[in-house]
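Heads up: the structure comes next, in structure tokens.
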Amino acid sequence: MIEFQLDPASGVATYLQLVQQVHQGLRLGVLEPGEQLPTAQQVVGKLAINPNTVLKAYRDLEREGLVRARPGMGTFVVQTLPGRDEVALARFLSQMTKLLHAARAAGLGHDDIEAIYRTATRNAFAEGVA
Amino acid sequence: MTVVLETGGLGKQYGRRWALHDCTLSIPAEKVVGLVGPNGAGKTTLLHLAVGLLSPTTGTITVLGDAPASGRTQLGKIGFVAQDTPTYARLSITQHLHMGAWLNPNWDSELAAQRVDQLGLDPKQRAGSLSGGQRAQLALTLAIAKQPELLLLDEPVASLDPLARREFLQSLMEVVAEHGVSVVLSSHLVSDLERVCDYLIVLDASHVQLAGEVSELLASHHRLSGPRRDPATLPPTQHVIEQSHTDKQSTLLVRTDEPIHDPAWNVTPVTLEDLVLAYMSQSRDNQAVGRSTLGLVP
């Protein structure tokens with residue numbers, strides 16, 4: 001069974017840390033379909049976090065289709081992470097590289113680009129949520 | 131949405147001083163609510179009003195649909211652990227449990243005995259010889275064995291060392307996970323509550339400064355830093371909570387439900403602690419302004 005850890009200094013929301021650790025477990029093969037995730041009670045008994053945080057993480061994983069809650073039994077892994085689309089990744093990388101060259105040609109420095117990237121990412125994901 | 135605790139214009143006055151003033155709150159059920167504020171902010175007063183140990187000077191308060199301490203049934207639905215987790219020093223743990231069983235109609239003696247066992251406590255030991263952490267755990271055991279719907283805890287971890295603090299919060303969260311009880315716990319330290327609360331109330335200077343779901347509060351507040359700018363020129367959807375300026379730079383903490391598109395700002399998320407401190411210093415500034423317009427501060 002997977003054991004969750006928290007990094008309080010990471011600045012990442014607690015429920016997201018749990019989601020990411022399940023993702024990582026699936027990628028590394030530590031977690032496999034059929035395996036049970038710890039119950040909310042087991043997690044909060046160890047990490048001293050709000051049980052709703054654990055349930056929120058499990059709901060997110062369920063929405064992704066990775067786990068399923070069986071009432072009275074627990075939450076189980078039903079699917080492993082889909083492989084990445086390498087072609088799409090490569091295409092995106094080349095587009096991004098072109099864009100960054102253009103930004104440098106326009107006189108923007110490393111920090112400017114970082115700031116723009118952070119703003120753009122935040123906006124893109126905020127729109128996705130809303 | 132069910133509400134466990136509701137107040138309207140609630141106030142408590144001692145002599146000329148208001149310990150709690152114009153407090154209007156609506157606390158949803160099945161939450162772990164953090165009641166945060168400096169010492170003397172009114173946290174204990176609010177909790178004592180909720181259990182019926184105090185009666186209000188002004189306004190109304192309803193707990194689980196009834197007036198506080200309005201009857202035996204209502205009292206049975208509320209578990210209260212007062213500040214410094216008081217127990218009877220000369221009574222043994224077993225005697226505490228017997229007393230609990232005798233005083234509470236819904237007492238779960240199996241749950242109580244099981245918890246004492248899990249904590250590794252000797253039932254014959256007197257409460258007076260327990261460590262601070264063990265005493266807090268005994269007080270929590272008494273409060274949950276009566277099977278309340280709402281658990282009110284006044285500064286439960288303030289006097290505990292870091293390990294006992296963690297163990298206490300672990301136990302408390304296990305109880306929440308297992309029994310689905312609603313919890314309100316107060317603390318003057320946000321860091322104690324950060325991981326356990328999903329609802330936050332900030333009290334300062336006898337007033338509610340902020341109340342809401344933690345996830346919503348964190349999502350709607352941002353720290354902006356960038357070239358110096360007059361906050362009056364910000365979009366009307368962005369409310370400035372805190373600001374500081376140098377001759378070239380401005381740093382703002384804003385509340386907004388809209389995404390921030392202005393590329394001039396470097397936007398970073400805020401922590402719960404940043405938020406609480408910002409609202410508290412806002413309340414201090416408002417008080418200072420209030421006094422100076424009254425001519426009390428030169």
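Chains as they are written, first to last, in my numbering: chain A, 1 to 130; chain B, 131 to 428.
Glycine is no exception: its CB is placed at the ideal position from the N, C-alpha and C atoms.
In this text the structure is predicted, and so the values were computed from the model without any measurement.
Mapping the DSSP letters down to three states, classify residue i as helix, strand or coil.
i, result
"B:Asn-234", "coil"
"B:Leu-424", "Only weak support exists for where B:Leu-424 lies, its pLDDT of 47 falling under 50; the coordinates are left without a value."
"B:Arg-358", "coil"
"B:His-369", "strand"
"A:Ala-130", "Reliability fails at A:Ala-130, whose pLDDT of 43 lies under 50, so the model's placement of it is uncertain and the value that follows must be treated cautiously. Coil at A:Ala-130, not helix or strand."
"B:Lys-142", "strand"
"B:Ser-350", "helix"
"B:Tyr-329", "strand"
"B:Asp-322", "helix"
"B:Val-400", "coil"
"B:Arg-220", "coil"
"B:Leu-315", "strand"
"A:Leu-93", "helix"
"B:Val-469", "With chain B covering 131 to 428 only, the question about residue 469 of chain B has no answer from this structure."
"A:Gln-36", "strand"
"B:Pro-186", "coil"
"B:Ser-261", "coil"
"B:Thr-132", "coil"
"B:Ile-390", "coil"
"B:Leu-364", "coil"
"A:Asp-60", "helix"
"B:Asn-169", "coil"
"B:Leu-251", "coil"
"B:Ser-289", "coil"
"A:Asp-112", "helix"
"A:Asp-85", "coil"
"B:Asp-415", "helix"
"A:Leu-31", "coil"
"A:Asn-50", "coil"
Please name the residue or residues paired with residue i in a DSSP beta bridge.
i, result
"A:Ile-2", "A:Ile-2 is not bridged to any residue."
"B:Arg-202", "Answer by DSSP bridge pairing: none, since B:Arg-202 is not bridged."
"B:Thr-137", "B:Leu-155 and B:Ile-191"
"B:Asn-196", "As written in the sequence, residue 196 of chain B is Asp, which differs from the Asn given in the question. B:Val-193."
"B:His-375", "B:Ser-380"
"B:Trp-148", "B:Gln-143"
"A:Val-77", "A:Val-67"
"B:Arg-385", "B:His-351 and B:His-369"
"B:Asp-334", "B:His-337"
"A:Arg-104", "According to DSSP, A:Arg-104 bridges with nothing at all."
"B:Arg-256", "B:Ser-222"
Hey, could you find the ends of the beta strand (DSSP E) residue i is sitting in?
i, result
"B:Gly-164", "162–166"
"B:Glu-279", "It is not in any beta strand (DSSP E) - B:Glu-279 carries neither H nor E in the DSSP assignment."
"B:Gln-339", "337–343"
Does the distance from the CB of residue i to the CB of residue j come in under 7 Å?
i, j, result
"B:Val-193", "B:Tyr-329", "no"
"A:Val-67", "A:Pro-33", "no"
"B:Pro-235", "B:Gly-206", "yes"
"B:Thr-224", "B:Arg-265", "no"
"B:Cys-327", "B:Val-344", "yes"
"B:Thr-187", "B:Lys-142", "yes"
"A:Val-30", "A:Ala-40", "no"
"A:Asn-123", "B:Pro-389", "yes"
"B:Ala-273", "B:Leu-281", "yes"
"A:Leu-28", "A:Thr-75", "no"
"B:Ala-275", "B:Thr-215", "no"
Taking residue i as part of the alpha helix (DSSP H), name the residues at either end of that continuous run.
i, result
"B:Ala-242", "239–248"
"A:Gly-45", "40–47"
"A:Gly-25", "14–28"
"B:Lys-173", "173–181"
"B:Glu-308", "292–309"
Would you call the segment 157–173 of chain B in contact with the segment 331–344 of chain B, where contact means no fewer than 3 C-beta pairs closer than 8 Å?
Taking 8 Å as the limit for Cβ pairs, the verdict is that the segment 331–344 of chain B does touch the segment 157–173 of chain B.
Counting pairs of Cβ atoms below 8 Å between the segment 305–322 of chain B and the segment 379–390 of chain B, do you hit three or more?
The segment 305–322 of chain B vs the segment 379–390 of chain B: no contact.
Mind the definition here: the segment 5–23 of chain A touches the segment 56–63 of chain A only if three or more C-beta pairs lie below 8 Å; say whether that holds.
A contact is defined here as three or more CB-CB pairs under 8 Å, and the segment 5–23 of chain A meets this definition with respect to the segment 56–63 of chain A.
Counting beta carbon pairs with one atom in the segment 345–364 of chain B and one in the segment 391–410 of chain B, are three or more of them shorter than 8 Å?
At 8 Å Cβ cutoff, the stretches touch.
I want to know whether the segment 276–295 of chain B touches the segment 315–326 of chain B - three or more CB-CB distances under 8 Å.
Under the three-pair Cβ rule at 8 Å, the segment 276–295 of chain B counts as touching the segment 315–326 of chain B.
With a cut-off of 8 Å, do at least 3 Cβ pairs link the segment 142–156 of chain B to the segment 255–272 of chain B?
A contact is defined here as three or more CB-CB pairs under 8 Å, and the segment 142–156 of chain B fails this definition with respect to the segment 255–272 of chain B.
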